[in-house]
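Q:
Protein chains: 2
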Amino acid sequence: MKKLRKKVYMTAGFNTVSLGTGRKEFHPKKPRPGIEHYIKESGEGTLSKIGGGKNIDESVIGNFMAARFNKQANLPGFIPMIDKDLHGKPATSVEGACGSGGLALMAGIRSVLAETADVVLTIGVEVQNTVKAIYGADILAGAGWYQERKKGHAYFFPGQFSDRAGAYFEKYGREKSRKGLARWFRNAIENARLCPTAQEFHNKVEDLEALGMSEPNGRTFVDNLNVFDCSKVSDGASSIAIVSEEGLEKIGIEKKDAIEVVGWGQCEADITAPPEDLTTLSTIKMAAEEALASAGITIDDLGTIETHDCFTIAGILAVEALGFAKPGGGADFVAEGNTARDGKIPMNTTGGLIGWGHPTGATGVHQAVTIWEQLTGRAGDAQINIDPKKPYGLTINMGGDDVTVVAIVYKRG
Amino acid sequence: MKKLRKKVYMTAGFNTVSLGTGRKEFHPKKPRPGIEHYIKESGEGTLSKIGGGKNIDESVIGNFMAARFNKQANLPGFIPMIDKDLHGKPATSVEGACGSGGLALMAGIRSVLAETADVVLTIGVEVQNTVKAIYGADILAGAGWYQERKKGHAYFFPGQFSDRAGAYFEKYGREKSRKGLARWFRNAIENARLCPTAQEFHNKVEDLEALGMSEPNGRTFVDNLNVFDCSKVSDGASSIAIVSEEGLEKIGIEKKDAIEVVGWGQCEADITAPPEDLTTLSTIKMAAEEALASAGITIDDLGTIETHDCFTIAGILAVEALGFAKPGGGADFVAEGNTARDGKIPMNTTGGLIGWGHPTGATGVHQAVTIWEQLTGRAGDAQINIDPKKPYGLTINMGGDDVTVVAIVYKRG
Numbered sequence: 007m008k009k010l011r012k013k014v015y016m017t018a019g020f021n022t023v024s025l026g027t028g029r030k031e032f033h034p035k036k037p038r039p040g041i042e043h044y045i046k047e048s049g050e051g052t053l054s055k056i057g058g059g060k061n062i063d064e065s066v067i068g069n070f071m072a073a074r075f076n077k078q079a080n081l082p083g084f085i086p087m088i089d090k091d092l093h094g095k096p097a098t099s100v101e102g103a104c105g106s107g108g109l110a111l112m113a114g115i116r117s118v119l120a121e122t123a124d125v126v127l128t129i130g131v132e133v134q135n136t137v138k139a140i141y142g143a144d145i146l147a148g149a150g151w152y153q154e155r156k157k158g159h160a161y162f163f164p165g166q167f168s169d170r171a172g173a174y175f176e177k178y179g180r181e182k183s184r185k186g187l188a189r190w191f192r193n194a195i196e197n198a199r200l201c202p203t204a205q206e207f208h209n210k211v212e213d214l215e216a217l218g219m220s221e222p223n224g225r226t227f228v229d230n231l232n233v234f235d236c237s238k239v240s241d242g243a244s245s246i247a248i249v250s251e252e253g254l255e256k257i258g259i260e261k262k263d264a265i266e267v268v269g270w271g272q273c274e275a276d277i278t279a280p281p282e283d284l285t286t287l288s289t290i291k292m293a294a295e296e297a298l299a300s301a302g303i304t305i306d307d308l309g310t311i312e313t314h315d316c317f318t319i320a321g322i323l324a325v326e327a328l329g330f331a332k333p334g335g336g337a338d339f340v341a342e343g344n345t346a347r348d349g350k351i352p353m354n355t356t357g358g359l360i361g362w363g364h365p366t367g368a369t370g371v372h373q374a375v376t377i378w379e380q381l382t383g384r385a386g387d388a389q390i391n392i393d394p395k396k397p398y399g400l401t402i403n404m405g406g407d408d409v410t411v412v413a414i415v416y417k418r419g
Numbered sequence: 007m008k009k010l011r012k013k014v015y016m017t018a019g020f021n022t023v024s025l026g027t028g029r030k031e032f033h034p035k036k037p038r039p040g041i042e043h044y045i046k047e048s049g050e051g052t053l054s055k056i057g058g059g060k061n062i063d064e065s066v067i068g069n070f071m072a073a074r075f076n077k078q079a080n081l082p083g084f085i086p087m088i089d090k091d092l093h094g095k096p097a098t099s100v101e102g103a104c105g106s107g108g109l110a111l112m113a114g115i116r117s118v119l120a121e122t123a124d125v126v127l128t129i130g131v132e133v134q135n136t137v138k139a140i141y142g143a144d145i146l147a148g149a150g151w152y153q154e155r156k157k158g159h160a161y162f163f164p165g166q167f168s169d170r171a172g173a174y175f176e177k178y179g180r181e182k183s184r185k186g187l188a189r190w191f192r193n194a195i196e197n198a199r200l201c202p203t204a205q206e207f208h209n210k211v212e213d214l215e216a217l218g219m220s221e222p223n224g225r226t227f228v229d230n231l232n233v234f235d236c237s238k239v240s241d242g243a244s245s246i247a248i249v250s251e252e253g254l255e256k257i258g259i260e261k262k263d264a265i266e267v268v269g270w271g272q273c274e275a276d277i278t279a280p281p282e283d284l285t286t287l288s289t290i291k292m293a294a295e296e297a298l299a300s301a302g303i304t305i306d307d308l309g310t311i312e313t314h315d316c317f318t319i320a321g322i323l324a325v326e327a328l329g330f331a332k333p334g335g336g337a338d339f340v341a342e343g344n345t346a347r348d349g350k351i352p353m354n355t356t357g358g359l360i361g362w363g364h365p366t367g368a369t370g371v372h373q374a375v376t377i378w379e380q381l382t383g384r385a386g387d388a389q390i391n392i393d394p395k396k397p398y399g400l401t402i403n404m405g406g407d408d409v410t411v412v413a414i415v416y417k418r419g
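Keeping their order, the protein sequence lines are chains A and B.
First residue of the first sequence: 7, per this note's numbering; consecutive thereafter.
First residue of the second sequence: 7, per this note's numbering; consecutive thereafter.
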């Protein structure tokens with residue numbers, strides 16, 4: 007049931023800054039903008055490129071935990087605040103943990119296919135720096151089965167992925183695996199430094215691979231991952247317009263300035279069941295395979311990929327899930343530079359969750375914005391060269407530990 | 007943009023018990039089922055009528071505040087727990103405060119129109135008795151703009167609607183208005199006593215209208231509403247299948263056992279802007295008018311209505327918003343018995359939010375289940391006689407104070 011009954015495009019992407027440690031203007035004790043600010047800045051950013059709120063038929067907002075980080079729900083109610091022409095029009099909020107942004111994209115795609123909308127404003131947002139990291143970890147544990155939380159690490163999700171890394175190390179060797187993780191980190195930071203909205207934009211440390219090689223310290227953090235293996239705690243929002251062909255005409259955007267959605271996989275796993283194999287991201291594998299099959303392409307047609315690297319190990323495992331390397335070969339594939347910006351298959355070219363930042367509910371939308379920028383030549387200093395024979399991009403967004411996954415394939419418009 | 011590009015039906019509704027005070031088996035200090043239980047019971051209830059999970063293409067779950075009541079998010083992850091045949095299929099959670107259930111219905115409708123699904127499992131759920139009512143009131147305040155919360159009453163939403171009632175009393179007279187509120191309460195409880203899943207099913211008090219006339223006590227609660235004017239604190243879930251014509255065939259259900267979706271209005275107001283007129287529910291008015299217009303009918307074609315009576319005054323104001331009475335005439339219209347089960351336009355025939363219960367994220371779905379039961383003759387002791395010349399039903403579901411509204415028009419299949 008993944009046939010696209012009509013053409014769907016994305017255009018007019020916008021990112022706020024990803025704010026948090028690593029960013030010059032971030033100070034943990036000084037007042038910061040609230041969630042309202044991010045929704046408004048990002049919504050206005052997209053609307054200003056497509057003729058304002060009068061051109062919007064529906065809106066979707068992706069968010070994970072405003073209920074706890076900001077004590078705020080009823081998020082659709084913030085949409086009409088962006089532009090008075092959005093008053094009275096349909097708005098919906100979607101949630102699927104760190105996969106909320108991907109679900110927002112899918113909701114927008116469905117609205118266009120349903121012909122209830124020709125132009126959908128799609129926003130992802132999260133504002134997480136409202137609490138200290140250790141309390142934030144408890145909040146984010148709501149992406150897993152909370153009943154299991156007490157059995158887990160104080161840093162719940164780092165603990166989950168540390169267990170995955172530990173199983174990988176044991177099976178395939180600690181030293182060579184660590185080199186893959188360190189290179190993933192280096193790529194992420196190098197890419198982020200080319201993107202002015204990235205959280206790591208101002209970071210100046212030189213020997214990134216040495217940092218990435220740091221020995222994990224299980225007494226202060228988790229057993230198998232160091233802090234450089236982790237995505238960031240971020241405040242931010244991203245937005246993009248999802249439109250039909252008629253919608254493109256209405257907003258006066260040419261196809262060359264848009265990307266076309268040509269396939270997807272949206273897959274859900276049981277949050278109450280532990281992963282069958284810690285060294286495999288099987289839901290990501292399923293979603294990516296469905297996405298590629300529905301688009302009628304293979305990984306050889308992909309010019310660039312944005313994948314959900316909440317931890318470096320998730321990046322390595324996604325490389326294997328996609329089939330770029332066999333099980334156990336992902337670390338070497340990355341260590342050899344194949345996923346770097348000038349590599350065989352450039353991944354996370356504006357820094358991903360580790361380099362750009364991870365405002366959880368926004369991340370899935372941010373991935374689509376990066377693909378739009380790269381495929382339409384708008385990525386500025388972060389622009390990569392895309393082989394004209396590989397005009398496709400892929401995003402993989404994950405909520406929880408391989409539970410809620412959305413993979414989307416895009417083509418230059 | 008509300009034309010239905012293909013036919014959409016609902017069938018196989020199911021409600022769990024609405025658990026909370028008023029229910030015999032409820033004991034505030036004894037352990038109770040968690041949110042997982044409600045999702046599973048309700049999902050299985052619908053699946054058992056339509057051939058199981060193998061017939062489902064997509065799922066949607068509506069929930070407001072599991073993040074705070076249960077510290078749980080990533081709710082789509084609980085869908086595959088219902089039935090192993092749901093593993094790997096798309097699932098999405100939607101949020102719009104107490105309007106979350108209505109948003110879930112709209113998401114399911116869009117999936118069918120988009121042809122990404124022929125059969126959508128749609129669930130609404132909330133489990134609220136995890137905290138004491140006064141802390142629950144703080145959690146529920148997240149349905150409003152939380153920044154304004156400190157200016158409001160400790161019981162935030164009762165305070166908001168008390169202000170609406172106060173404005174109504176001042177404009178149209180306290181005594182005659184109070185009679186309308188008391189009759190709304192009496193109808194709600196009388197209807198609930200006919201429905202075995204209702205929270206008020208076991209309540210035996212006789213003189214309901216006298217209770218409803220109780221003088222509000224601003225020292226212990228709010229100024230203009232008594233506790234009988236309020237909906238309940240409830241744990242519960244409701245579910246329904248949303249299907250195409252092809253889907254009906256696939257699940258072996260005849261049209262006479264389904265209801266057809268023939269129109270809707272989904273409207274969003276700015277949560278940061280105070281209501282222009284406390285005595286008018288203008289977003290409800292807009293959504294209901296759009297719903298009726300898109301269905302091509304008037305209020306005279308409606309055989310029954312489920313409307314969002316989070317407080318009795320919201321019921322009265324909805325009567326006026328729909329045009330059954332002029333501004334100020336709603337209280338009399340209700341007091342005269344016009345909205346009772348044998349009245350001119352029966353409303354909330356299984357008790358509504360005040361009598362059946364208000365598991366917030368489930369309520370919108372519960373309303374659709376009641377309309378399905380009534381229009382297909384499945385309401386048991388609560389069954390009303392519907393004039394064959396009025397084969398339409400309407401649901402109005404509201405999130406926050408007139409902020410997120412979904413109104414849907416249904417027709418006997």
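Glycine included, C-beta positions come from ideal geometry on N, C-alpha and C.
Am I right that residue 284/A and residue 173/A are in contact with their C-beta atoms under 8 Å? What's the rounded C-beta distance?
A: 4 Å
Q: Could you say if the segment 364–380 of chain A and the segment 125–144 of chain A meet the contact criterion of at least three C-beta pairs nearer than 8 Å?
A: Between the segment 364–380 of chain A and the segment 125–144 of chain A there are three or more inter-stretch CB-CB distances shorter than 8 Å, so the stretches are counted as touching.
Q: Quick check on the burial criterion: 16 or more other C-beta atoms within 10 angstroms. Buried or exposed for residue 324/A?
A: buried
Q: Checking the sheet assignment: what are the DSSP bridge partners for residue 398/A?
A: Beta-bridge pairing by DSSP links residue 398/A to 308/A and 417/A.
Q: In the DSSP assignment, the beta strand (DSSP E) including residue 245/A goes from what residue to what residue?
A: Looking at the DSSP string, the run of the beta strand (DSSP E) that includes residue 245/A is 241–249.
Q: Terminal residues of the continuous alpha helix (DSSP H) containing residue 41/A?
A: 41–53
Q: Decide if residue 141/B is buried, meaning its Cβ has at least 16 other Cβ atoms within 10 Å, or exposed.
A: exposed
Q: Assign residue 16/B to one of two classes, buried (16 or more other C-beta atoms within 10 Å of its C-beta) or exposed (fewer than that).
A: The residue is buried, with at least 16 neighbouring Cβ atoms inside 10 Å.
Q: Buried or exposed for residue 42/A, going by 16 or more other Cβ atoms inside 10 Å?
A: Buried, by the Cβ-count rule.
Q: Between the segment 109–116 of chain A and the segment 82–92 of chain A, do at least 3 Cβ pairs fall closer than 8 Å?
A: no
Q: Just to confirm, are residue 312/A and residue 376/A a CB contact at a threshold of 8 Å?
A: yes
Q: Could you give the DSSP three-state label for residue 80/B: helix, strand or coil?
A: coil
Q: Report yes or no: is there a C-beta of chain B within less than 8 Å of the C-beta of residue 273/A?
A: yes
Q: Whose Cβ in chain B lies nearer than 8 Å to the Cβ of residue 152/A?
A: 76, 77 and 78
Q: Roughly how many angstroms lie between the CA atoms of residue 238/A and residue 206/A, to the nearest whole one?
A: 9 Å
Q: By DSSP's criteria, residue 68/A is part of a beta bridge. Which residues make up the other side?
A: 100/A and 130/A
Q: May I have the straight-line CA-CA distance separating residue 288/A from residue 90/B, to the nearest angstrom?
A: Their Cα atoms are separated by approximately 16 Å.
Q: Just to confirm before moving on: does the CB-CB distance between residue 201/B and residue 388/B stay below 8 Å?
A: yes
Q: Between residue 119/A and chain B, is any beta-carbon pair separated by less than 8 Å?
A: Yes, residue 119/A lies at the interface with chain B (some Cβ there is under 8 Å from its Cβ).
Q: Leaving out five residues on either side along the sequence, give the residues of the same chain with a beta carbon under 6 Å from the beta carbon of residue 217/A.
A: 234
Q: Pull up the distance between the alpha-carbon of residue 417/B and that of residue 398/B, whole angstroms please.
A: 5 Å
Q: Leaving out five residues before and five after residue 301/B in sequence, what residues of the same chain have Cβ atoms less than 6 Å from its Cβ?
A: The beta carbon of residue 301/B is closer than 6 Å to those of 268, 269 and 415 in its chain, skipping five residues each way along the sequence.
Q: To which residues of the same chain is residue 93/A closer than 8 Å at the C-beta, ignoring the five residues directly before and after it?
A: 86
Q: Does the Cβ-Cβ distance between residue 168/A and residue 228/A come in under 8 Å?
A: yes
Q: What residue from 253/B, 160/B and 293/B has the CA that sits closest to residue 408/B's CA?
A: 293/B
Q: Taking its Cβ as the centre, do 16 or more other Cβ atoms sit within 10 Å of residue 180/B, making it buried, or is it exposed?
A: exposed
Q: DSSP has residue 25/A in a bridge; who is on the other side?
A: In the DSSP secondary-structure assignment, residue 25/A is bridged to 241/A.
Q: Can you give the Cα-Cα distance for residue 7/A and residue 298/A, rounded to whole angstroms?
A: Per-residue confidence for residue 7/A stands at a pLDDT of 48, beneath the threshold of 50, marking its modelled position as unreliable; the derived number appears in the next sentence. Cα to Cα, the separation comes out at about 14 Å.
Q: Would you report the Cα separation of residue 291/A and residue 196/B, rounded to the nearest angstrom?
A: The straight-line gap from Cα to Cα measures roughly 54 Å.
Q: Below 8 Å on the Cβ atoms is my contact criterion, and I expect residue 125/B with residue 257/B to pass it. Report the Cβ-Cβ distance as a whole number of Å.
A: 6 Å
Q: Per DSSP, residue 265/B forms a beta bridge with which residues?
A: 16/B and 418/B
Q: Based on DSSP bridge pairs, tell me the residues matched to residue 353/A.
A: 311/A
Q: Would you mind working out which of 189/A, 66/A and 382/A sits nearest residue 96/A, comparing C-alpha positions?
A: 66/A
Q: Quick one: which residues of the segment 274–285 of chain B get their C-beta closer than 9 Å to a C-beta of chain A? List them in chain order.
A: 274, 275, 276, 277, 278 and 279
Q: Within 8 Å (strictly less), CB to CB, does residue 353/A reach chain B?
A: no
Q: Closer than 8 Å by beta-carbon distance: list the chain B residues that pair up with residue 11/A, in chain order.
A: 120 and 121
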